[in-house]
Amino acid sequence: MTSTGTANIGKDSAANRTDPIRSDVIILGAGLIGLTQALALAAHGLRVAVIDRADPEVLKDAKHDGRVSSINSASWNIFEAIGLAEKLEPHGCNIDKILINDSLKPGKVDFIPDEDDGPLGVMIQNNILQRILFEAAAGNGMIDLYMPAQVTEAERGEYQVTVCLDGTMEIGAQLAAPLLIAADGRGSRMRDEAGIIMATWQYDHSAVICTVTHEQPHGNTAYEIFYPSGPFAILPMRDDGSGQHRSAIVWSVPRKDGPALAKINARAFEAELMKKSGGFLGQMKLHSDRATYPLGFHHSDGLVSQRLALVGDAGHGIHPIAGQGLNLGLRDVAALTECVVDGARTGLDLGDAQILARYDRWRGLDNLMMSAATDILTRLFGMPGDAPSAIRRFGMDIVQRTGPLKDRFMAEARGESGDLPKMLMGDLV
Ligand SMILES: Cc1cc2nc3c(=O)[nH]c(=O)nc-3n(C[C@H](O)[C@H](O)[C@H](O)COP(=O)(O)OP(=O)(O)OC[C@H]3O[C@@H](n4cnc5c(N)ncnc54)[C@H](O)[C@@H]3O)c2cc1C
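Heads up: the sequence shown at position 392 corresponds to 1068 in my numbering, and the numbers run straight through without jumps.
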């Protein structure tokens, strides 16, 4: 368990240790979404308890999560609002351009914003983002971290939620709050215990991820090349300490090929990379371990239940084809924060059904639209054969030539469409 949580429990005398430790909100899950949620609520003066079964050192290790995420410009505003953007900036690489191709055939779409509009987003390594969020949470007087800790029992009663933690501590601690937020990822136990129904299916894809160095600079460009066997993305990263140009690779391959591709020797893997990329960045060299992720879709039929709200992958999970999964979760965080803070101002109990219903309405449709669009895109670009390829290139050509359509796609890529919570505009609620 981390020092903040230990300090709280250590201060309790033996006599009152059976009393629950009270907070305004309990969050289960200290991943990227759970910690951002905790910091957003704490920034509004709410006391937050965060529980995760993982050791914080493991969560911050690049071997645990070697992915690099694209955070769109609207989501980045959350980090501005909670005061972390300055700390994150030296590690992020702006995305100034997105280029999309159907295989390596001619007929690309480019998204290049006006200079005054700023970058489309920022690429940042998950383990660095996780570390900076964790350090901010551990140093925040309004946040108590319980890590590693297992929930043995969680009861969502009419008036409060109580959660019992197992013996990672001297005694089993009991926490209580009016609201429980589940940020416990794809396999969310809280979602399943609440009986929230899920639509779920697997794609026949695994993503092989790694970082590479290359000879030519990437010009802060994100390249997405669609092959029928799966999309291949080259995403810009900051040059490393010795000035080598770097990019992150997210390569979707048929599921059966994932393990072999992750294991073939580095030289053979690099040769495959050169074939897929067409070599326009010069010689590519592996610069990290490779990892594979089986890809699937899941979508919950509702984001709330009695005194419970789901955020991030606990509520929805999509194909990384458009790099939007984490962004959807950050939108959940911003919207839920606004609903809870507005509710508190009007004197509502933080777990009040009205607050939760507003959150569910706000995020339900937006999540569904993005999830459905991503699913359609995945299927459309996965169709083999010349005819589907010709249709795709025809569609891309129309987007490329039609200014308003392009602007619309660019607004989506930036995360600026729809009814934006205030934190996505960089303001605290
Ligand atoms: C290959 C790939 C590339 C991606 N790239 C992008 C991208 O570029 N941009 C983007 O926006 N999204 C991207 N995504 C999606 C993004 O990574 C996820 O949406 C995001 O990481 C989800 O974060 P989370 O905090 O909701 O869940 P998780 O990261 O799964 O965190 C859940 C946390 O809960 C804890 N937990 C779980 N169960 C329990 C329990 N019972 N008790 C205690 N703790 C528990 C876990 O230990 C963990 O710390 C990508 C996904 C993949 C697979």
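Heads up, the beta-carbon is just placed ideally off N, CA and C, and yes, glycines get one too.
Query                                                                                                        : Result
S918 classed as buried or exposed, judged by whether at least 16 other C-beta atoms fall within 10 angstroms : exposed
Given 8 Å, three or more beta-carbon pairs between the segment 1081-1090 and the segment 795-807             : yes
Inter-stretch contact (C-beta, 8 Å, three-pair minimum) for the segment 947-960 and the segment 886-897      : yes
Integer Cβ distance of A875 from H767, believed to fall under 8 Å                                            : Not really, about 36 Å apart at Cβ, beyond 8 Å.
Euclidean distance between Cα positions of F902 and D880                                                     : 15 Å
Exposure label - N941; buried when at least 16 CB within 10 Å                                                : exposed
Cβ-heavy atom distance, Q850 to ligand 1, below 7 Å                                                          : no
Contiguous alpha helix (DSSP H) assignments of at least 4 residues, all confined to the segment 1002-1052    : none
Residues near I808 in its chain [Cβ-Cβ closer than 7 Å; skip 5 each side]                                    : L760, K763 and L764
Alpha-carbon spacing of L1004 relative to N1043, whole angstroms                                             : 7 Å
Close beta carbons around Q1076, own chain, < 6 Å, minus the five adjacent residues each side                : V785
G705 CB to nearest heavy atom of ligand 1 below 7 Å                                                          : yes
Cβ-Cβ distance between D731 and N802 below 8 Å                                                               : no
Bridge partner(s) assigned by DSSP for A968                                                                  : The amino acid occupying residue 968 in the given sequence is Thr; Ala does not appear at that position. T968 pairs with V884.
For Q892, the residue or residues it bridges with in DSSP                                                    : BP columns for Q892 are empty, so no partner.
8 Å Cβ shell around A691 - same chain, five flanking residues per side excluded                              : Caution is warranted here: a pLDDT of 38 is assigned to A691, below 50, making its placement in the model unreliable, and no coordinate value can be reported.
Test item: CB-CB of V744 and L1026 under 8 Å                                                                 : no
Touch test, the segment 831-838 against the segment 711-726, Cβ-Cβ under 8 Å, three pairs minimum            : no
When F755, L856, V734 and V827 are compared against R723, the one with the closest alpha-carbon              : L856
Beta strand (DSSP E) segment containing T828, residue limits                                                 : V827 to R832
Any non-hydrogen atom of ligand 1 closer than 7 Å to D820 Cβ                                                 : no
Cβ-based burial, V726 [other Cβ within 10 Å; buried from 16]                                                 : buried
Nearest-angstrom Cα separation, counted from I994 out to G988                                                : 11 Å
Reduced DSSP category for E1092 - H, G, I as helix; E, B as strand; rest coil                                : coil
Environment of V884 [buried if 16+ CB atoms lie within 10 Å]                                                 : buried
C-alpha distance - I774 paired with S1065, whole-angstrom precision                                          : 20 Å
DSSP bridge partner residues for S928 (one or two, in chain order)                                           : A883
Distance cut-off 7 Å: D1073 Cβ against heavy atoms of ligand 1                                               : no
Straight-line gap, A1063 to R1069 (C-alpha atoms, nearest Å)                                                 : 10 Å
Any non-hydrogen atom of ligand 1 within 7 Å of A859 CB                                                      : yes
Whether A924 touches M913 by CB criterion (8 Å)                                                              : yes
Bounding residues of the alpha helix (DSSP H) (the contiguous stretch that carries Q982)                     : Note, Q982: premise wrong, no alpha helix (DSSP H); not H, not E.
Boundaries of the alpha helix (DSSP H) in which M950 is found, first to last residue                         : A942 to S953
Cβ-heavy atom distance, P996 to ligand 1, below 7 Å                                                          : yes
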